[in-house]
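Asks: My questions will all concern the structure given below.
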Amino acid sequence: MTTGQRGRRDDSVSVVPVRAVAQAAPATAVPDEQAAPLAPPARLVPALVAVYRAQLSRARVARIPLLFVATFQSIGIMVLLRGVVDGGEPARAVVSGSSVLVVAFVALNLLAQYFGQLRANGGLDHYATLPVPPAAVVLGAAAAYASFTVPGTVVTAVTGCVLFQLPMAHLWVLAAVLPLAGAALAGLGAALGLLAPRQEFATLCGQLGMSAALLLGVLPAERMPAVIGWARDLLPSTYGVEALARSFDPHPDWLVVGADLGVCAAVGVLSLAVATWAYRRAATR
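Shown next, in the form of structure tokens:
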């Protein structure tokens with residue numbers, strides 16, 4: 134075999150594998166239509182339950198001491214006013230306002246601080262990467278914080294009834310007041326925390342909201358000036374306070390109680406919708 138023949142044979146051998154690879158490459162490629170589909174986004178209810186459980190376990194250790202503070206604060210206010218208020222309508226206002234104040238301290242004040250901190254340290258970016266609906270994040274956190282108010286509110290209401298000799302026959306109204314007032318105040322707190330430009334402003338707004346619930350909810354409405362009475366009507370917790378106060382009557386007007394609870398529910402839906410919009414706005418920035 135001559136040198137030219139060996140060169141032509143080597144060239145033919147070296148070309149064949151390249152052609153084979155070029156022909157085999159399209160056969161091994163995965164077509165676009167056969168690519169694995171992305172996971173579907175989580176549904177609202179399962180995502181809501183997951184966020185609720187996560188927030189509940191996270192806040193169990195950090196928020197329980199604050200719950201004791203909120204309960205002790207409300208009971209202390211009732212003990213302080215016991216020497217000024219004897220009974221009747223003012224006593225009902227003090228007990229119902231102090232009971233709802235526990236909800237305002239946790240669901241409004243602490244939730245505003247939590248979302249303000251979450252926005253400041255970039256925690257919203259973590260939730261934005263998850264396939265979780267924004268409504269599930271807001272509702273789950275609001276429900277978890279509102280759940281911590283149940284023991285303190287019940288203890289405060291029972292203690293107030295004992296201090297002011299109020300009947301406990303209709304104290305079951307708390308089962309409706311707690312979730313409705315909690316939803317309204319938690320939605321307001323979340324919206325304040327998410328819309329505040331800085332974390333310090335979120336903390337300030339939460340403190341001011343709790344102070345408003347204290348001054349406008351605990352003090353009897355008939356002893357306030359007309360201007361403050363109008364501001365009281367704008368506070369979401371007012372209607373929960375009114376519903377609970379009417380339940381202490383010997384024969385409550387349940388239609389009026391239901392109307393107060395209906396207004397509280399409407400405000401809760403509106404405030405949670407605003408908080409969800411604020412979450413979307415803060416997460417996409």
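According to my numbering, the sequence shown is numbered sequentially starting from 134.
Ideal placement from N, C-alpha and C gives every residue a C-beta, glycine not left out.
What would DSSP say about A158, mapped onto helix, strand or coil?
Replies: Within the sequence shown, the letter at position 25 stands for residue 158. Residue confidence is low: A158 scores 44 on pLDDT, short of 50, so the model does not pin down where it sits. Its coordinate-derived value is still stated next. Helix at A158.
Asks: Any chance you could list the alpha helix (DSSP H) runs of at least 4 consecutive residues sitting entirely within the stretch 278-306, in chain order?
Replies: 282-297
Asks: So, are the CB atoms of A275 and A319 less than 9 Å apart?
Replies: The residue you call residue 275 lines up with position 142 of the sequence shown. The residue you call residue 319 lines up with position 186 of the sequence shown. Yes. Within cutoff.
Asks: Roughly how many angstroms separate the alpha carbons of D219 and F297, rounded to a whole number?
Replies: Start at 1 with the first residue of the sequence shown, and residue 219 comes out as number 86. Start at 1 with the first residue of the sequence shown, and residue 297 comes out as number 164. Spanning the two alpha carbons is a distance of roughly 7 Å.
Asks: Excluding the 5 residues preceding and the 5 following A317 in the sequence, name in chain order all residues of the same chain whose CB lies nearer than 6 Å to its CB.
Replies: Along the sequence shown, read from residue 1 onward, the residue named residue 317 stands at position 184. Only P369, C397, V400, G401, S404 meet the Cβ criterion.
Asks: Specify whether the stretch 250-264 and the stretch 325-343 touch according to this definition: at least 3 beta carbon pairs, one from each stretch, less than 8 Å apart.
Replies: yes
Asks: Relative to the alpha-carbon of G241, which residue among V389, A279, M357 has its alpha-carbon at the smallest distance?
Replies: Start at 1 with the first residue of the sequence shown, and residue 241 comes out as number 108. According to the sequence provided, residue 241 is Leu. The question's Gly does not apply to it. Here the closest residue by C-alpha is A279.
Asks: Is F281 near I197, with beta carbons less than 9 Å apart?
Replies: The residue you call residue 281 lines up with position 148 of the sequence shown. The residue you call residue 197 lines up with position 64 of the sequence shown. Yes, these two residues count as a Cβ contact at 9 Å.
Asks: Quick one: what's got a C-beta closer than 8 Å to P312's C-beta in the same chain, skipping five residues either side?
Replies: For the purposes of this step, residue 312 is identified with residue 179 of the sequence shown, where counting begins at 1. So the qualifying residues of the chain are A279.
Asks: Would you be able to state if there are at least three C-beta pairs under 8 Å between the stretch 379-395 and the stretch 357-368?
Replies: no
Asks: What whole-angstrom Cβ distance do L349 and A364 have, given they're in contact under 8 Å?
Replies: One-based indexing of the sequence shown puts residue 349 at position 216. One-based indexing of the sequence shown puts residue 364 at position 231. Sure, about 6 Å apart at Cβ, within 8 Å.
Asks: Considering only residues of the stretch 358-396, which uninterrupted alpha helix (DSSP H) runs meet the minimum length of 4 residues and lie entirely inside it, listed in chain order?
Replies: Complete alpha helix (DSSP H) runs here, min 4: 359-367, 370-379.
Asks: Taking the alpha helix (DSSP H) that R225 falls in, what are its first and last residues?
Replies: Counting from one through the sequence shown, the residue named residue 225 turns up at place 92. Counting along the chain, the alpha helix (DSSP H) containing R225 begins and ends at 222-236.
Asks: Whose C-alpha, out of D366, V178, V390, is nearest the C-alpha of V270?
Replies: Start at 1 with the first residue of the sequence shown, and residue 270 comes out as number 137. Shortest Cα-Cα distance from V270 to any of D366, V178, V390 involves V178.
Asks: If V121 and G315 are in contact, beta carbons under 8 Å, what's the gap, nearest whole angstrom?
Replies: With the chain covering only 134 through 418, there is no way to say anything about residue 121.
Asks: Determine the direct distance from the alpha carbon of L234 to that of L272, and round the result to whole angstroms.
Replies: Position 139 of the sequence shown holds residue 272. Position 101 of the sequence shown holds residue 234. Distance between the alpha carbons of L272 and L234 is about 21 Å.
Asks: State yes or no: is the C-beta of L307 within less than 9 Å of the C-beta of A290?
Replies: Sequence index remark: in the sequence shown, residue 307 carries index 174 (1-based). Sequence index remark: in the sequence shown, residue 290 carries index 157 (1-based). The answer is yes: Cβ separation under 9 Å.
Asks: In this structure, does DSSP put G401 in helix, strand or coil?
Replies: Within the sequence shown, numbered from 1, the residue matching residue 401 stands at position 268. Annotated three-state conformation of G401 is helix, per DSSP.
Asks: Excluding the five sequence neighbours on either side, which residues of its own chain have a C-beta within less than 7 Å of the C-beta of G373, listed in chain order?
Replies: Numbered from its first residue, the sequence shown carries residue 373 at position 240. Excluding positions up to five away in sequence, the list reads V233, V310, L313, A314, C397.
Asks: Looking at the structure shown, is L325 part of a helix, part of a strand, or coil, going by DSSP?
Replies: Numbered from its first residue, the sequence shown carries residue 325 at position 192. Reduced to three states, the DSSP call for L325 is helix.
Asks: Am I right that T409 and P267 are in contact with their C-beta atoms under 8 Å? What's the rounded C-beta distance?
Replies: Taking the sequence shown and counting its residues from 1, the one referred to as residue 409 is at position 276. Taking the sequence shown and counting its residues from 1, the one referred to as residue 267 is at position 134. T409 to P267, Cβ: 5 Å. Contact.
Asks: What residue does the alpha helix (DSSP H) around G216 start on, and which one ends it?
Replies: Working through the sequence shown from its first residue, we reach residue 216 at position 83. No alpha helix (DSSP H) contains G216, which DSSP labels as neither H nor E.
Asks: If G339 and Q246 are in contact, beta carbons under 8 Å, what's the gap, nearest whole angstrom?
Replies: Reading the sequence shown from its first residue, position 206 is the one you call residue 339. Reading the sequence shown from its first residue, position 113 is the one you call residue 246. Correct: roughly 5 Å between the Cβ atoms.
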